[in-house]
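Right, one structure below, let's go through it.
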Amino acid sequence: MIANGEVLIDATGSTHGMTFSKFAWLSVDGLQITGAEQRGIRADDGGDADGASHHLVLRDIRVSDIGSGGNHDCVSVHGVNDFWIIDSRFSECSSEGVDLVGSSRGIVAENTFRMISAGSALQVKGGSTDVLVHGNRFIDVEFRAVNGGGATGAEFFRPPGANYEAAQIRVIANTFNRVGVPMVFSGCDSCAFVNNTVVEPQTWVLRILQENSSEDHVRSRFGVVANNIIVLQSATLRAAFNIGPNTDPGSFILSNNLWYALDESSGWPGPDYSGGLPVETGAIIQLDPLLEDIEVGNYRLTPKSPAVGAGYSPDIELHSDFDCFQFASPPSIGAFELAAQTVEPITCDSLIQQSEVAMLW
2 MIANGEVLID
12 ATGSTHGMTF
22 SKFAWLSVDG
32 LQITGAEQRG
42 IRADDGGDAD
52 GASHHLVLRD
62 IRVSDIGSGG
72 NHDCVSVHGV
82 NDFWIIDSRF
92 SECSSEGVDL
102 VGSSRGIVAE
112 NTFRMISAGS
122 ALQVKGGSTD
132 VLVHGNRFID
142 VEFRAVNGGG
152 ATGAEFFRPP
162 GANYEAAQIR
172 VIANTFNRVG
182 VPMVFSGCDS
192 CAFVNNTVVE
202 PQTWVLRILQ
212 ENSSEDHVRS
222 RFGVVANNII
232 VLQSATLRAA
242 FNIGPNTDPG
252 SFILSNNLWY
262 ALDESSGWPG
272 PDYSGGLPVE
282 TGAIIQLDPL
292 LEDIEVGNYR
302 LTPKSPAVGA
312 GYSPDIELHS
322 DFDCFQFASP
332 PSIGAFELAA
342 QTVEPITCDS
352 LIQQSEVAML
362 W
């Protein structure tokens, strides 16, 4: 289904703009959807826990002004495996921008999430695993930008009986501007927040929680938080980290993040690693990252930035930077590699096609 941006669905008065259920090999490209009461697009497995829908591409979608409160999402993807959500725009939806429940082997890349006011810009829960979140912009998200996990009813888990809310969710090379909290690990097993650029988070930088109370569920554990640039206002931020009970913060790896408080002098001591977190290795504290033009949202590195070449190589594939250049070795810190250090750019599409979640379309 290809609309080339010329088809606008005004779903005012309708529950959903479009619904797809129990499908395979579905591509939707170029649609604009606005005004639905609950969801712009709903894609699901028809309630068949043993028969997931599969192979979904949503590309160049524009979804806005969805819902008036409650669980109302721009896009809802439940029980779908092998999916791409690419080069799309999600704005002013009253709950989630994209809600992934029991959906695995997916890529969410090159999208813009803006002005999500009640829930999460991107939520990944209900047994979802192996999802790459790459090269997205998160702007003016009031609460959670990426929610890795959550609290899902047992009947909605895919596969049924999964003992984790989310696993192997990899958030790499994204930018976050004026969001409540960039990343929440909530029952997230072996998830990663790596090489992102965060500017002026509003409440916390990261939260580690356990919101699903099932005793047999694994706790938030084995997270990696590395190579991120965090530019903050220390006077307004509650704290860098919020650690909840029944989690395993001691199993996390914190390494080579650059922390810079705009409103502090060079004496700012950096974040508080209390609550059971290990002390970060290789942290850079209170050095201006020297971004090209932070005021207009240009977060690319300048040659004298202390972030250049200052990252470490985590035990996960970095794919590429925000601009689809390969990271150097060692990588720079933040979502952008210094252009002068890179080889020829490679398109994000080609990176996606080469990844382990590639779809033979």
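For the sequence shown, the numbering used here begins at 2 and goes up steadily by one. We put the beta carbon where it would ideally sit given N, CA and C, even for glycine.
Item	Value
Our contact map puts H17 next to A44 with C-beta atoms below 8 angstroms; I'd like the distance itself, whole angstroms only.	Not really, about 10 angstroms apart at Cβ, beyond 8 angstroms.
Which stretch, first to last residue, makes up the beta strand (DSSP E) that contains W26?	A25 to T35
Within the same chain, show all residues whose beta-carbon is closer than 8 angstroms to that of V280, passing over the 5 residues directly before and after it, in chain order.	L255 and Y274
For E38, which three-state DSSP category applies?	coil
Measure how close the beta-carbons of R371 and D83 come, nearest whole angstrom, since I'm counting them as under 8 angstroms.	Outside the shown range of the chain, which is 2 to 362, sits residue 371, and nothing can be said about it.
Could you tell me the alpha carbon to alpha carbon distance between E93 and G312, rounded to whole angstroms?	35 angstroms
Please list the terminal residues of the continuous beta strand (DSSP E) segment that includes D294.	L292 to D294
For E293, is the classification buried or exposed, using 16 other Cβ atoms within 10 angstroms of its Cβ as the cut-off for buried?	exposed
Could you tell me whether any Cβ in chain B is nearer than 7 angstroms to the Cβ of I285?	Absent from the structure is chain B; it holds one protein chain and no more.
Assuming Q169 is part of the beta strand (DSSP E), what are its boundary residues?	A167 to I173
Under 6 angstroms Cβ to Cβ from T198, same chain only, skipping five residues before and after it: list those, please.	T176, I230, Y300, G335 and A336
Which residues in the same chain as I62 place their Cβ atom closer than 6 angstroms to its Cβ, once the five residues preceding and following it in sequence are excluded?	L32 and S89
Please indicate yes or no: does the CB of F158 lie closer than 6 angstroms to some heavy atom of the ligand SAM?	Inclusion of the ligand SAM in the displayed structure is not the case, the ligand content being empty and no account of it being possible.
Can you give the Cα-Cα distance for V99 and V309, rounded to whole angstroms?	33 angstroms
Within the stretch 104-149, note down every full beta strand (DSSP E) run reaching 3 residues or more, in order along the chain.	107-110, 113-115, 121-126, 129-135 and 138-140
With C-beta atoms as the reference, is G188 less than 7 angstroms away from E156?	no
How is S77 classed by DSSP in three states: helix, strand or coil?	strand
Assuming N213 and T153 form a contact by the criterion Cβ under 8 angstroms, report the distance between their Cβ atoms to the nearest whole angstrom.	7 angstroms
What residue does the beta strand (DSSP E) around P183 start on, and which one ends it?	V182 to S187
Looking at C-alpha atoms only, which residue of I108, V8, I140 and R159 is the closest neighbour of A53?	R159
Short check: CB of A168 to CB of S191, under 7 angstroms?	yes
Which stretch, first to last residue, makes up the beta strand (DSSP E) that contains S92?	R90 to C94
Just the C-alpha distance for I42 and D49, rounded to the nearest angstrom, thanks.	19 angstroms
For V132, collect the residues of the same chain with a Cβ closer than 6 angstroms to its Cβ; drop the 5 residues on either side in sequence, then sort them by chain order.	G107, V125 and I170
How about P250 and I209: do their beta carbons lie closer than 7 angstroms?	yes
Taking the C-alpha atoms as reference points, what is the distance between T20 and W269?	51 angstroms
Nearest to G283 by alpha carbon, out of G128, L259, G298 and V297?	L259
Rounded to a whole number of angstroms, what is the C-alpha to C-alpha distance between E201 and D51?	43 angstroms
Spatial neighbours of E357 within its chain, please: CB distance less than 6 angstroms, with the 5 preceding and 5 following residues excluded, ordered by chain position.	Reliability fails at E357, whose pLDDT of 40 lies under 50, so the model's placement of it is uncertain and no value is given.
If you follow the beta strand (DSSP E) that I67 is part of, which residue opens it and which one closes it?	R63 to I67
Near L319, which residues of its chain fall below 8 angstroms by C-beta distance, leaving aside the five closest residues on each side in sequence?	I173, A174, V195, N196, F328 and P332
Leaving out the 5 sequence neighbours to the left and right, which residues in its chain are closer than 6 angstroms to G120 when beta-carbon positions are compared?	S96 and E97
So what does L302 bridge to, in DSSP terms?	L292
Rounded C-beta distance between G103 and H79? I'm assuming under 8 angstroms.	6 angstroms
In its own chain, which residues sit with a C-beta less than 8 angstroms from the C-beta of G68, not counting the 5 before and 5 after it?	A37, E38, Q39, R40, D74, C94, S95 and S96
Can you name, in chain order, every residue of its own chain whose Cβ lies under 7 angstroms from the Cβ of V1, other than the five neighbours on each side?	Not covered by the structure: residue 1. The range shown for the chain is 2 to 362.
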